[in-house]
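K.L.:
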Ligand SMILES: *Cc1c(COP(=O)(O)O)cnc(C)c1O
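Residue numbers (the numbering used here): 114 to 492.
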């Protein structure tokens with residue numbers, strides 16, 4: 114079955130009691146039991162909900178996993194994965210990870226005895242160098258946010274398999290349409306469903322996809338024990354969003370390529386970060402690992418004043434955090450998404466004051482380009 118067919122059908126059957134084609138929103142907290150100990154597999158809605166279950170089965174199929182568990186946010190999903198570990202364990206992390214992930218690791222989980230090393234995951238050798246006898250997990254985000262570096266998934270996947278430790282990949286930026294990290298050795302895939310999977314900027318959620326039954330069982334245990342579940346309504350929205358994931362991603366990709374090419378030629382733009390451009394340092398790797406490059410682009414304007422001029426003068430592009438929706442969003446990583454990262458570390462990672470990030474939407478691309486062009490004239 115092809116990806117688009119799976120996106121529309123996997124995990125979903127017409128409702129047996131009514132024939133409803135769409136999975137209903139099962140807005141219930143509990144389920145009546147026929148007799149003591151006899152029920153239909155649903156007892157209490159933190160533990161199981163049919164709308165959430167349909168989404169979980171759908172996402173497991175799209176990533177090629179064994180099971181999926183949905184959470185109230187991407188951060189709740191990531192937090193749950195780290196709860197597979199225990200105090201004293203060491204985790205190797207992509208140095209340029211999502212700001213909220215860095216904050217969770219450094220300001221919350223460190224206090225519970227977990228230890229983190231941040232390395233450039235474009236080279237597997239850096240992961241190998243950071244490895245110690247306490248290392249239990251490698252946590253990669255690829256492409257990195259916002260400068261779009263592509264991790265050496267093949268090399269790192271080989272390393273973690275050889276050492277029998279978990280490789281976790283945050284696949285939010287590519288979606289399973291362009292990249293399925295399990296094919297390269299990931300044991301766990303995590304998404305903020307808030308972004309491309311839902312795709313319409315109207316829901317916050319997260320998912321953990323596992324390949325091992327014992328990991329699936331433990332994540333399910335934690336989902337129920339800790340309780341940061343996705344609501345039935347949000348599960349419905351994400352299921353609905355995923356039905357168009359394939360067509361949306363194709364358009365994000367087509368528009369992304371056009372906008373990146375436009376920016377790369379623009380005299381006011383110093384540098385463009387987009388894996389689809391031949392000058393991107395991991396362009397060949399991106400082509401090998403992924404079937405497209407998507408809609409995420411960062412570009413360097415040179416100064417805070419120039420970045421501000423662009424952000425203040427766009428009309429169609431919305432100045433906002435987040436990404437992956439049908440509408441084009443534009444943001445300033447240094448003061449918005451990455452403000453929680455210390456300034457010296459931001460500078461080292463290339464997150465300068467002049468850097469602007471765009472999540473290219475699926476509007477008519479000529480309108481997006483005209484808007485950026487007009488704003489860049491003011492820079
Ligand atoms: C947004 C995002 C998260 C966090 O997800 P929330 O749904 O906002 O909690 C994690 N990783 C990446 C790459 C993201 O873009």
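For each residue, glycine too, the CB sits at the ideal point set by N, CA and C.
Determine the extent of the alpha helix (DSSP H) in which residue 358 is found, giving its start and end residues.
P.N.:
Along the chain shown, one-based indexing puts residue 358 at 245. Residue 358 -> alpha helix (DSSP H) spans 358-378.
K.L.:
Cα separation between residue 156 and residue 334?
P.N.:
Translated into positions along the chain shown, residue 156 becomes position 43. Translated into positions along the chain shown, residue 334 becomes position 221. Using only the alpha carbons, I get a separation of about 15 Å.
K.L.:
For residue 491 and residue 418, what's the separation of their Cα atoms in angstroms?
P.N.:
As a first step, residue 491 must be located in the chain shown, where it is residue number 378. As a first step, residue 418 must be located in the chain shown, where it is residue number 305. If I take the Cα positions, the gap works out to 10 Å.
K.L.:
Where does the unbroken beta strand (DSSP E) through residue 188 begin, and where does it stop?
P.N.:
Translated into positions along the chain shown, residue 188 becomes position 75. First-last for residue 188: 187-195, but that is the alpha helix (DSSP H), not the beta strand (DSSP E).
K.L.:
Using only the heavy atoms of ligand 1, determine whether one of them is closer than 6 Å to the beta carbon of residue 250.
P.N.:
For the purposes of this step, residue 250 is taken as residue 137 along the chain shown, with counting starting at 1. Checking the Cβ of residue 250 against ligand 1 gives no.
K.L.:
My parser needs the beta strand (DSSP E) runs of 3 or more residues fully inside the stretch 226-282; what are they?
P.N.:
228-232, 248-254
K.L.:
Tell me whether residue 293 sits in a helix, a strand or coil according to DSSP, three-state version.
P.N.:
Taking the first residue of the chain shown as 1, we reach residue 293 at position 180. It is coil, neither helix nor strand.
K.L.:
Which residue's Cα is closest to the Cα of residue 445: 198, 425, 221, 215?
P.N.:
Taking the first residue of the chain shown as 1, we reach residue 445 at position 332. Closest by alpha carbon: 425.
K.L.:
Please state whether the Cβ-Cβ distance between residue 186 and residue 317 is less than 7 Å.
P.N.:
Within the chain shown, numbered from 1, the residue matching residue 186 stands at position 73. Within the chain shown, numbered from 1, the residue matching residue 317 stands at position 204. In this structure, residue 317 lies closer than 7 Å to residue 186 by Cβ.
K.L.:
Do residue 203 and residue 245 have their C-beta atoms within less than 7 Å of each other?
P.N.:
Here residue 203 refers to the residue found at position 90 of the chain shown. Here residue 245 refers to the residue found at position 132 of the chain shown. Yes, they are a contact pair.
K.L.:
Got a sec: does ligand 1 put a non-hydrogen atom nearer than 6 Å to the Cβ of residue 472?
P.N.:
Locating residue 472 in the chain shown gives position 359, counting from the first residue. Checking every heavy atom of ligand 1 against the Cβ of residue 472, none is found closer than 6 Å.
K.L.:
Going by C-alpha distance, which of 409, 401, 400, 375 is nearest residue 387?
P.N.:
Along the chain shown, read from residue 1 onward, the residue named residue 387 stands at position 274. When each option's Cα is compared against that of residue 387, the closest is 409.
K.L.:
Beta-carbon separation of residue 310 and residue 355 under 7 Å?
P.N.:
Translated into the one-based positions of the chain shown, residue 310 becomes position 197. Translated into the one-based positions of the chain shown, residue 355 becomes position 242. A contact, by the Cβ cut-off of 7 Å.
K.L.:
Assuming residue 407 and residue 369 are in contact, meaning their beta carbons sit under 8 Å apart, how far apart are those beta carbons, in whole angstroms?
P.N.:
For the purposes of this step, residue 407 is taken as residue 294 along the chain shown, with counting starting at 1. For the purposes of this step, residue 369 is taken as residue 256 along the chain shown, with counting starting at 1. For a cut-off of 8 Å, the C-beta gap from residue 407 to residue 369 is around 6 Å, short enough to register as a contact.
K.L.:
Tell me which residues share the same chain as residue 243 and place their Cβ nearer than 8 Å to its Cβ, disregarding the 5 neighbours each side in the sequence.
P.N.:
For this step, residue 243 is matched to residue 130 along the chain shown. The answer, listed in chain order, is 205, 230, 232.
K.L.:
If we call anything under 7 Å between Cβ atoms a contact, is residue 308 one with residue 437?
P.N.:
By one-based count along the chain shown, residue 308 stands at place 195. By one-based count along the chain shown, residue 437 stands at place 324. Contact: yes.
K.L.:
Could you tell me the alpha carbon to alpha carbon distance between residue 475 and residue 326, rounded to whole angstroms?
P.N.:
Numbered from 1 along the chain shown, position 362 holds the residue referred to as residue 475. Numbered from 1 along the chain shown, position 213 holds the residue referred to as residue 326. One C-alpha to the other measures close to 38 Å.
K.L.:
So residue 123 packs on residue 175, CB below 8 Å; how close in whole Å?
P.N.:
Numbered from its first residue, the chain shown carries residue 123 at position 10. Numbered from its first residue, the chain shown carries residue 175 at position 62. About 7 Å separates the two Cβ atoms, so the contact holds.
K.L.:
Is residue 448 close to ligand 1? I mean its beta-carbon at under 6 Å from any heavy atom of the ligand.
P.N.:
Within the chain shown, the letter at position 335 stands for residue 448. Incorrect: residue 448 has no Cβ contact closer than 6 Å to ligand 1.
K.L.:
Roughly how many angstroms separate the alpha carbons of residue 182 and residue 255, rounded to a whole number?
P.N.:
Stepping through the chain shown from its first residue, residue 182 is reached at position 69. Stepping through the chain shown from its first residue, residue 255 is reached at position 142. Straight-line Cα distance between these residues: approximately 21 Å.
K.L.:
Closest to residue 336 by C-alpha separation, out of 349, 348, 320, would be which residue?
P.N.:
As a first step, residue 336 is located in the chain shown; it is residue number 223 there, counting from the start. A check of alpha carbon separations from residue 336 across 349, 348, 320 identifies 320 as the nearest.
K.L.:
For the structure I just gave you, are there three or more beta carbon pairs, one from the stretch 387-398 and one from the stretch 456-464, closer than 8 Å?
P.N.:
no
K.L.:
Which first and last residues belong to the alpha helix (DSSP H) in which residue 460 is found?
P.N.:
In the chain shown, residue 460 corresponds to position 347, counting from 1. First-last of the alpha helix (DSSP H) with residue 460: 456-461.
K.L.:
Under the rule that 16 or more other beta-carbon atoms within 10 Å means buried, what is residue 149, buried or exposed?
P.N.:
Here residue 149 refers to the residue found at position 36 when the chain shown is read from its first residue. An exposed status is given to residue 149, since fewer than 16 other beta-carbon atoms sit within 10 Å of its beta-carbon.
K.L.:
By the DSSP assignment, the beta strand (DSSP E) with residue 203 in it spans what residues?
P.N.:
Reading the chain shown from its first residue, position 90 is the one you call residue 203. Its beta strand (DSSP E) spans residues 203-207.
K.L.:
Determine the closest residue to residue 495 out of 134, 161, 136, with distance taken between C-alpha atoms.
P.N.:
Because the chain spans 114 through 492 in this model, residue 495 falls outside it and cannot be assessed.
K.L.:
Where does residue 413 fall in DSSP's three states?
P.N.:
As a working mapping, residue 413 is identified with position 300 in the chain shown. Three-state result, residue 413: strand.
K.L.:
Heavy atom of ligand 1 less than 6 Å from the Cβ of residue 193, yes or no?
P.N.:
The residue labelled residue 193 in the question sits at position 80 within the chain shown. At a threshold of 6 Å, residue 193 does not count as near ligand 1, since its beta carbon sits no closer than that to any of the ligand's heavy atoms.
K.L.:
Which ranges does the beta strand (DSSP E) cover as unbroken runs of at least 3 residues, wholly within the stretch 296-335, from first to last along the chain?
P.N.:
301-305, 319-323
K.L.:
Pick out whichever of 147, 125, 146 has its Cα sitting closest to the Cα of residue 138.
P.N.:
Along the chain shown, one-based indexing puts residue 138 at 25. Answer by Cα proximity: 125.
K.L.:
In its own chain, which residues sit with a C-beta less than 7 Å from the C-beta of residue 218, not counting the 5 before and 5 after it?
P.N.:
Against the chain shown, residue 218 aligns to sequence position 105. Closer than 7 Å at Cβ, skipping near neighbours: 206, 229.
K.L.:
Give the single residue among 278, 294, 347, 412 whose Cα lies nearest to the Cα of residue 383.
P.N.:
Here residue 383 corresponds to residue number 270 of the chain shown, with the count starting at 1. Nearest C-alpha to residue 383: 412.
K.L.:
Could you tell me whether any non-hydrogen atom of ligand 1 is closer than 6 Å to the CB of residue 307?
P.N.:
Taking the chain shown and counting its residues from 1, the one referred to as residue 307 is at position 194. Yes, ligand 1 has a heavy atom inside 6 Å of this Cβ.
K.L.:
Taking a contact to mean a Cβ-Cβ separation below 7 Å, would you say residue 340 touches residue 165 in this structure?
P.N.:
Here residue 340 is taken as the residue at index 227 of the chain shown, counted from 1. Here residue 165 is taken as the residue at index 52 of the chain shown, counted from 1. Not closer than 7 Å, so no.
K.L.:
Confirm, please, whether the CB-CB distance from residue 237 to residue 277 is below 7 Å.
P.N.:
Walking along the chain shown from the start, residue 277 turns up at place 164. Walking along the chain shown from the start, residue 237 turns up at place 124. Between residue 277 and residue 237, the CB-CB gap reaches or exceeds 7 Å.
K.L.:
Determine the closest residue to residue 211 out of 434, 466, 479, with distance taken between C-alpha atoms.
P.N.:
Taking the chain shown and counting its residues from 1, the one referred to as residue 211 is at position 98. Nearest option by C-alpha distance: 434.
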